[in-house]
Amino acid sequence: MPAYGFAHLRERRHHPEILDYLDRIQATLDPFHGRFIVHGPPAEVVEGTWPGSMVLIEFPDLAVARAWYRSPAYQEIKHLRADHINGDLLLIDGVGPAYDPRRRGAVLRAAEAPSADDTDLGPAR
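So the number in the working numbering is just where the residue sits in the sequence shown, counting from 1, plus 134.
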């Protein structure tokens, strides 16, 4: 199942080190079969607010995404971005082609249902 590196970038500054980071990041992704899905255009916000931009990188799975993030090659260039752009970076599992949101709803409903221990057994004696 694919996994993703998702970054929410706020307060971007186009410092020369950011350009160096952009020149070098793909070489850190290639050994891990990482590929950009979304890379930084401003989003069309249709609900709520969204300051900044986003980056979405796809990996074969979460273990590979973690390995990329922890790799010496990425750690060597990470500061080029982190020193100049405030943001959040998440690694997250994707869903497979058979994903059905109704199953997720059923799990959430079951978690909210009162258990036998929670039911009122009548007045205390």
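Where is the CB? At the ideal position from N, CA and C, for every residue including glycine.
From a predicted model like this one, the values you see are computed outputs, not experimental measurements.
H167 places its beta carbon less than 8 Å from that of V198.
When the Cα atoms are used, A216 and H148 turn out to be separated by approximately 12 Å. Fully enclosed beta strand (DSSP E) runs of no fewer than 3 residues occupy 169-173 of the segment 149-185, in order along the chain. Three or more Cβ pairs closer than 8 Å define a contact, and the segment 149-160 meets that threshold against the segment 199-216. Between V172 and the set P185, E192, V179 and Y155, the nearest pair of CA atoms involves E192. Around the beta carbon of I226, fewer than 16 other beta carbons lie within 10 angstroms, which makes this residue exposed. Relative to H142, the option among P176, M135, A240 and D154 whose CA is nearest is P176.
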